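Student: Residue -17 is where the sequence shown starts when you use our numbering, and the numbers rise one by one after that.
Beta carbons: idealized from backbone N, C-alpha and C, even for Gly.
Source: prediction; values computed, not measured.
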Amino acid sequence: MEIEIITPSSQLYCGQATQVNVPGSSGSFEILENHAPIIATLQHGTIVLLDTTGKKHTFEIPGGVVEQSQNKILILVD
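1) Roughly how many angstroms separate the alpha carbons of Ser7 and Gln25, rounded to a whole number?
2) Tell me the rounded alpha-carbon separation between Thr35 and Glu15.
3) Using C-beta distances below 7 Å, list every residue in its chain close to Gln50, excluding the 5 sequence neighbours before and after it, in chain order.
4) May I have the straight-line CA-CA distance separating Thr28 from Gln52, to the nearest angstrom?
5) Look at the Cβ atom of Gln(-7), then the Cβ atom of Leu31, and state whether they are nearer than 8 Å.
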């Protein structure tokens, strides 16, 4: 899956991932390949993603929005 995590001032991550866990406003959830399309708000918490080499990346965020469609994930961070 392609993933991009951006803030108003910078790009935190851009690349491929096999799994992404995000802090949804109603609770954390995981996005895997071929996940149904979704748009959701995010609360303060940690984004955890595994890249295609198995390396774990973590990003502490204050909140934001995630959109996933056709194996492309865009996370806009406040």
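Tutor: The relevant details are as follows:
1) 5 Å
2) 15 Å
3) Ile13, His17, Pro19, Ile20
4) 23 Å
5) no
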